[in-house]
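Asker:
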Amino acid sequence: MHRHRFTAHLRLWYAAAKGYRIYALAFLLALPDMLDALAGADLAPILPEGWGTVVGGWLAVLRIVLGIYLRRLPSPAPGGRA
1 MHRHRFTAHL
11 RLWYAAAKGY
21 RIYALAFLLA
31 LPDMLDALAG
41 ADLAPILPEG
51 WGTVVGGWLA
61 VLRIVLGIYL
71 RRLPSPAPGG
81 RA
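For the record, in the sequence shown the residue sitting at position 16 is 16 according to UniProt numbering, with numbers rising by one throughout.
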């Protein structure tokens, strides 16, 4: 139920991006590329002991899932309304 509501809200937000929302949308769409850039970075020196592999694993999963999810979003309707 929450996933459906989140997805519906995200689709409406995507279709009606105005003002500050356009910057948030640009950040969301650029996030997979930013995660790709982080894939080669060694985060172990800045994280607590033992967290390097956990954070690296979650970043890898997030890269894959977010990329698939963003490709499946529908194109905004002409005129900006869903």
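Every residue, glycine too, gets a C-beta built ideally from N, C-alpha and C.
1. Just verifying my parser: in three-state terms, what is the DSSP assignment at Gly52?
2. What's the C-alpha gap between Arg3 and Trp13?
3. Does DSSP put Pro32 in a helix, in a strand, or in coil?
4. Thinking C-alpha only, which one of Ala15, Thr7 and Leu66 is nearest Asp36?
Answerer: Result, derived from the coordinates:
1. Under the three-state reduction of DSSP output, Gly52 falls in the helix class.
2. In a straight line, the C-alpha of Arg3 is about 15 Å away from that of Trp13.
3. In the three-state reduction of the DSSP assignment, Pro32 falls in the helix class, which pools H, G and I.
4. The shortest Cα separation from Asp36 among Ala15, Thr7 and Leu66 belongs to Leu66.
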